[in-house]
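First to last, the protein sequences are chains A and B.
The opening position of the first sequence corresponds to residue 74 in this note's numbering, with each subsequent residue numbered one higher.
The opening position of the second sequence corresponds to residue 74 in this note's numbering, with each subsequent residue numbered one higher.
This report concerns only the one structure given below.
Number of protein chains: 2
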Amino acid sequence: MLQTVRKAASVLRLFTPQQPEWGVSEVAATLDIPKSGAHALLRTLAAEGLLQRTGTGRYRLGWTLFELSQTLLDSSSLLRAARPIMERLVAGWGETTHLAVLVDGQVLYVEKLQGDRALEIVLSGVGKRLPAHCSGVGKVLLAHQPWENVLRIVETNGLVSFTPNTITTVEQLRQELERVRQQGFAYDQEEVMVGLCCAAAPIRDESGQVIAAMSLSVPAYRFYPNQQRLTTAIVDAARRVSEELGYYQEDWVWGSSRQSKSRSSGLATSVRT
Amino acid sequence: MLQTVRKAASVLRLFTPQQPEWGVSEVAATLDIPKSGAHALLRTLAAEGLLQRTGTGRYRLGWTLFELSQTLLDSSSLLRAARPIMERLVAGWGETTHLAVLVDGQVLYVEKLQGDRALEIVLSGVGKRLPAHCSGVGKVLLAHQPWENVLRIVETNGLVSFTPNTITTVEQLRQELERVRQQGFAYDQEEVMVGLCCAAAPIRDESGQVIAAMSLSVPAYRFYPNQQRLTTAIVDAARRVSEELGYYQEDWVWGSSRQSKSRSSGLATSVRT
DNA sequence: CGAGGTGTTTCGGATAACCGAACACAAGAG
DNA sequence: CTCTTGTGTTCGGTTATCCGAAACACCTCG
């Protein structure tokens, strides 16, 4: 369906911080399309402001994308609601918090605040992606997806192993996601980087859908002694963001407001004090 | 050329802070295309992550745009180079500075820092657009465009009048742009809002091309007494950003480095003093 | 219950996008 | 200086793709 648009999107996705500039031939070779086609794509994308031409006939991303992104941020209250709460979290713990969404089966980091006694986490970064099967936010986000989606994602991306603790089998993942969904939060126990743990919790919009996840990352040696307090802290923070977005945790909401197929994910209790 | 891509871009442009959510029928009616076409466009854009579906079958902008925007900001050193200099400017003057680029014939504000004794400028805002023929940054950016481009822009957007001082005729504009280009900076003397003035200067990349403009906005009653100092301040700040981007001002560059073939701009040596 | 509004699907026909090859141009090596 | 090799760009004929109207399924509301 609309393969031309699909190709155009593929072209956009080529542009990365590592290679922010592309020429016609490079694009044609990389996407395995004739040069004339690549030319047409680049030219129209540039005419629409999604790309811009440099003097030498090469292309880079255009400022229209910045504009659209601002519109997105402006219309989505997620970041606006989460930031102050994340700041308080960082101030209180001195650790690092992440805010992430699921895009195309991967975790996209939307915000990252670093505490003063936190260790540098190089892997994550605003605007960066990581696989979802590791990391706390990733597991939270996957846990609230229909299982068939998760399967499709896993089949596409595989279960890449980062540390000995990384989940590498579908069965492990299924069990873990089930637990995460039921308990309402996830841990990352050195699954993406040795020595790094985190606790993560889901953020819901007014319809109850999980649209993002928040996490508090701490070094392993500080994680286990404070696991309980960490958990309640991140769960509470995420709940506050959800409430800011118009979601109010009511028992009966859970049973009724499910869309279409997913009768699952139903019984997720919650002892709101 | 690639009208499908063009339509897809039009769809993306529909999404604004004022109306961040669109349905199939609305899109079809607004763009005057059949419903099935709009459906296909929205569906594929959503599949590519440029849009996302809400539960009710409506669409909003997708997080991929955020990702692309971050890639853009990361790969373009403009914002990174300009921000500290803008901060110093704001700290010194207490006024408001803007950083803007030209996109599709309009001024797109990329950054805005407000000083403590500055007045609130509602019109401008990060990610917002304004016409280019008013405002200092707009005139700077237009002044360094080929005149034919300027004409096309004016024919498309018109010369909307905001105040009695707004430029409203092509001849006025031509003269003003000529002056701006020669003197290397522009003033906005209450042309967009009564009581608001600004001085603006161009920012160049390493090839000498003007890629952005910076401005210092002040209330009219503080503008005229300090006009000279303001001018040197903004010109100097913009020059520093340009140098940060790899541009070194040489006298003879000015005469030769006009666009089109640009056989020039090559020998941009540079004995940094 | 029915009317009006959604989003979604279908399918033949016309259109728009593909493709290969040829062109112009730049840079670099011999 | 020339030839080579790489660019980006242009041009039509062929073909598959996308357009478009209408019919469908669904929901909300009167």
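C-beta atoms are modelled at their ideal positions from N, C-alpha and C, and glycine is treated no differently.
Remember, predicted model here, so these are calculated numbers, not experimental data.
Open item on the list: To be precise: take each residue of the segment 134-145 of chain B, compare its Cβ to all Cβ atoms of chain A, and keep it if any distance is under 8 angstroms. Which residues remain?
Closed with: Leu134, Gly135, Trp136, Thr137, Leu138, Phe139, Glu140, Leu141, Ser142, Gln143, Thr144 and Leu145
Open item on the list: Below 8 angstroms, how does it come out for the segment 284-299 of chain A and the segment 228-248 of chain A: are there three or more Cβ pairs, yes or no?
Closed with: no
Task: DSSP beta-bridge partners of Trp95 (chain A) - done: On the first sequence, residue 95 (chain A) is found 22 positions in, with the first residue counted as 1. DSSP output for Trp95 (chain A) lists A:Tyr132 as bridge partner(s).
Task: Own chain, CB closer than 8 angstroms to Gly319 (chain A), minus 5 neighbours either side, in chain order - done: Position 246 of the first sequence holds residue 319 (chain A). Hits under 8 angstroms: Asp278 and Glu279.
Task: Cutoff 7 angstroms: Pro93 (chain B) Cβ touching any chain A Cβ - done: In the second sequence, residue 93 (chain B) corresponds to position 20, counting from 1. Pro93 (chain B) counts as touching chain A.
Open item on the list: Just verifying my parser: in three-state terms, what is the DSSP assignment at Leu85 (chain B)?
Closed with: To locate residue 85 (chain B), count along the second sequence from 1; it is residue 12. Here DSSP, grouped into helix, strand and coil, assigns Leu85 (chain B) to helix.
Open item on the list: Within 7 angstroms of any Cβ in chain B, is that where the Cβ of Val84 (chain A) sits?
Closed with: Within the first sequence, residue 84 (chain A) is the residue found at index 11, counting from 1. Cβ-Cβ to chain B under 7 angstroms: no for Val84 (chain A).
Task: beta strand (DSSP E) segment containing Lys185 (chain B), residue limits - done: By 1-based counting over the second sequence, the position of residue 185 (chain B) is 112. First-last of the beta strand (DSSP E) with Lys185 (chain B): Gln179 to Leu186.
TODO: Go ahead and label Thr229 (chain B) buried or exposed: buried means 16 or more other beta carbons lie within 10 angstroms of its beta carbon, across all protein chains shown.
DONE: What you label residue 229 (chain B) is simply residue 156 of the second sequence in a count that begins at 1. Label assigned to Thr229 (chain B): exposed.
Open item on the list: Which residues in chain B have a C-beta closer than 9 angstroms to the C-beta of Phe88 (chain A)? List them in chain order.
Closed with: Taking the first residue of the first sequence as 1, we reach residue 88 (chain A) at position 15. Ordered by position in chain B, the residues that pass the 9 angstroms Cβ test against Phe88 (chain A) are Leu141, Thr144, Leu145 and Ser148.
Task: Ranges of the alpha helix (DSSP H) found wholly within the segment 142-223 of chain B, counting only runs of at least 4 - done: Those alpha helix (DSSP H) runs which fall completely within the segment 142-223 of chain B and span 4+ residues are 151-166 and 209-216.
Open item on the list: Quick check on Trp220 (chain B): buried or exposed, where buried means 16 or more other Cβ atoms within 10 Å of its Cβ?
Closed with: Within the second sequence, residue 220 (chain B) is the residue found at index 147, counting from 1. It counts as exposed.
Task: Amino acids of chain A, ordered along the chain, whose beta-carbon sits closer than 9 angstroms to that of Arg116 (chain B) - done: What you label residue 116 (chain B) is simply residue 43 of the second sequence in a count that begins at 1. Simply Met74 and Leu75.
Open item on the list: Against Leu181 (chain B), what residues of chain A qualify as contacts under a CB-to-CB distance less than 7 angstroms, listed in chain order?
Closed with: Reading the second sequence from its first residue, position 108 is the one you call residue 181 (chain B). Trp136 and Glu140, listed in chain order.
TODO: Compute the Euclidean distance between the alpha carbons of Ile106 (chain A) and Thr239 (chain B), then round it to the nearest angstrom.
DONE: Walking along the first sequence from the start, residue 106 (chain A) turns up at place 33. Walking along the second sequence from the start, residue 239 (chain B) turns up at place 166. Spanning the two alpha carbons is a distance of roughly 49 angstroms.
Task: Range covered by the beta strand (DSSP E) that runs through Gln125 (chain B) - done: Numbered from its first residue, the second sequence carries residue 125 (chain B) at position 52. Looking at the DSSP string, the run of the beta strand (DSSP E) that includes Gln125 (chain B) is Leu124 to Arg126.
TODO: Assign Met74 (chain B) to one of three DSSP states: helix, strand, or coil.
DONE: Taking the second sequence and counting its residues from 1, one reaches residue 74 (chain B) at position 1. Reduced to three states, the DSSP call for Met74 (chain B) is coil.
TODO: Report the three-state DSSP secondary structure of Ile353 (chain B) (helix, strand or coil).
DONE: Missing from the structure shown is residue 353 (chain B); chain B here goes from 74 to 346 and no further.
TODO: State yes or no: is the C-beta of Ala191 (chain B) within less than 7 angstroms of the C-beta of Glu168 (chain B)?
DONE: As a working note, residue 191 (chain B) is residue 118 in the second sequence. As a working note, residue 168 (chain B) is residue 95 in the second sequence. For Ala191 (chain B) and Glu168 (chain B), yes; Cβs fall inside 7 angstroms.
Open item on the list: My output table needs one value for Trp325 (chain A): the three-state DSSP class, helix, strand or coil.
Closed with: The residue given as residue 325 (chain A) occupies position 252 in the first sequence. In this prediction, Trp325 (chain A) scores a pLDDT of 43, lower than 50, which makes its location untrustworthy; the coordinate-derived value is nonetheless stated afterwards. Residue state, collapsed to three classes: helix.
TODO: Please name the residue or residues paired with Gln260 (chain A) in a DSSP beta bridge.
DONE: Walking along the first sequence from the start, residue 260 (chain A) turns up at place 187. The question names Gln, but residue 260 (chain A) in the sequence shown is Tyr. When DSSP reads this structure, Tyr260 (chain A) sits in a beta bridge with A:Ala272.
Open item on the list: As a quick exercise: from A:Val291, A:Glu251 and A:Leu124, pick the residue whose alpha carbon is nearest that of Ala82 (chain B).
Closed with: Indexing the second sequence from 1 puts residue 82 (chain B) at position 9. Among A:Val291, A:Glu251 and A:Leu124, the Cα nearest to that of Ala82 (chain B) is on A:Leu124.
Open item on the list: Let me check understanding here. Comparing Cα to Cα, which of B:Gln301, B:Gln322 and B:Lys80 lies closest to Pro275 (chain B)?
Closed with: Translated into positions along the second sequence, residue 275 (chain B) becomes position 202. Of B:Gln301, B:Gln322 and B:Lys80, the residue nearest in Cα terms is B:Gln322.
- [ ] Evaluate Trp325 (chain A) with the Cβ neighbour count: other Cβ atoms within 10 Å of its Cβ, from every protein chain shown; 16 or more gives buried, anything less gives exposed.
- [x] Along the first sequence, one-based indexing puts residue 325 (chain A) at 252. Confidence at Trp325 (chain A) is low in this model, with a pLDDT of 43, below 50, so the placement of that residue is unreliable and no value is reported for it.
Open item on the list: Against chain A, does Asp177 (chain B) count as a neighbour if the rule is that its beta carbon must be under 7 angstroms from one of theirs?
Closed with: In the second sequence, residue 177 (chain B) corresponds to position 104, counting from 1. Yes - at least one Cβ of chain A is within 7 angstroms of the one on Asp177 (chain B).
Open item on the list: Please tell me whether Val210 (chain B) has its Cβ less than 7 angstroms away from any Cβ of chain A.
Closed with: Counting from 1 along the second sequence, the entry for residue 210 (chain B) is found at position 137. Closer than 7 angstroms: no.
Task: Host alpha helix (DSSP H) of Ser109 (chain A) (start-end) - done: Reading the first sequence from its first residue, position 36 is the one you call residue 109 (chain A). Segment Lys108 to Ala120, the alpha helix (DSSP H) holding Ser109 (chain A).
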